[in-house]
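What follows is one structure encoded as structure tokens, with my remarks underneath.
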Amino acid sequence: MPVMHLDHVAVATPDLDAGSAPYLALGLHPEGPDEDVTSQGVRVRAFQVGETLIELLMPTRPDSPIAAYLEKRGPGLHHTAYRVADLDAEMIRLRGEGARFLNDVPTPGRAGTRVAFLHPKWGAGTLIELVEHPHAGNEI
Ligand SMILES: CC[C@@H](C(=O)O)C(=O)SCCNC(=O)CCNC(=O)[C@H](O)C(C)(C)COP(=O)(O)OP(=O)(O)OC[C@H]1O[C@@H](n2cnc3c(N)ncnc32)[C@H](O)[C@@H]1OP(=O)(O)O
Ligand SMILES: [Co+2]
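At position 139 of the sequence shown the residue is numbered 139 (full-length UniProt numbering), and the sequence of numbers has no breaks.
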């Protein structure tokens, strides 16, 4: 069984500056510049907390999954993401356990990562993402 590591906790917000306020008050600082992830229609601002990031996600187009989430549920916790060393192998393993992925194949994520999402029904009511980093960060 692979070791899992909490890579990030994602929060949906309609406004990155307003959404940042609680984290700045907690004394956290953005990790680098905001990043547009065009494949997902989001702009991301990340705050490092230990080995985990809080990622604020703002939609950049109306068909973004984050725009749909904000419309239905309003701002709040969107998903948790777990770092894996080999995403393709982990997708095969989890499919063998009956997991229901939303992607057939990995898609680009933030900072050069490859990511895949599991359906919230499979995640017992939460959206779960798996993340593979492009370099040594995979050694977990
Ligand atoms: C920054 C880039 C990248 C990274 O590097 O980390 C990202 O994180 S991108 C993040 C945004 N991208 C995604 O979320 C992609 C995967 N998501 C999706 O495909 C869809 O959002 C979804 C999960 C399939 C939902 O799509 P939607 O059109 O809203 O479908 P439904 O309304 O039918 O939802 C089905 C079912 O799931 C519940 N739901 C939806 N979103 C969530 C959620 N975030 N957490 C928990 N549950 C969720 C929804 O309420 C429905 O439940 P029922 O009503 O009981 O059927
Ligand atoms: Co994510």
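Every residue, glycine too, gets a C-beta built ideally from N, C-alpha and C.
As the structure is a prediction and not an experimental result, all values here were calculated from the model.
- Using a Cβ-Cβ distance cut-off of 8 Å, the stretch 86-96 and the stretch 32-49 are not in contact, since fewer than three pairs of beta carbons, one from each stretch, lie closer than that value.
- The three-state reading of DSSP puts MET58 in strand, counting E and B together.
- The residues ARG45, LEU56, MET58, in chain order, have a CB closer than 6 Å to that of LEU16 in the same chain once the five nearest residues on each side in sequence are set aside.
- Under the criterion of beta carbons closer than 8 Å, GLY41 and ASP7 do not qualify as touching, at roughly 20 Å.
- At a cut-off of 8 Å, the beta-carbon of VAL131 counts as near ligand 2: some heavy atom of the ligand is closer than that.
- Measuring C-alpha to C-alpha distances from GLU51 to each of GLU31, THR126, PRO108, LYS72 identifies GLU31 as the nearest.
- In this structure, the straight-line span from the alpha carbon of HIS5 to that of ARG83 is close to 5 Å.
- When rounded, the separation of the alpha-carbon atoms in ALA68 and ASN103 is 18 Å.
- If you draw a straight line from the Cα of ARG43 to the Cα of LYS121, it is about 26 Å long.
- Annotation: GLU90 is outside any beta strand (DSSP E); the continuous alpha helix (DSSP H) that includes it extends over 87-96.
- Following the DSSP letters along the chain, one finds ALA116 inside the beta strand (DSSP E) bounded by residues 114-118.
- For ARG114, same chain residues with a beta-carbon under 6 Å away, outside a window of 5 residues either side, are LEU87, PRO106, GLU132 in chain order.
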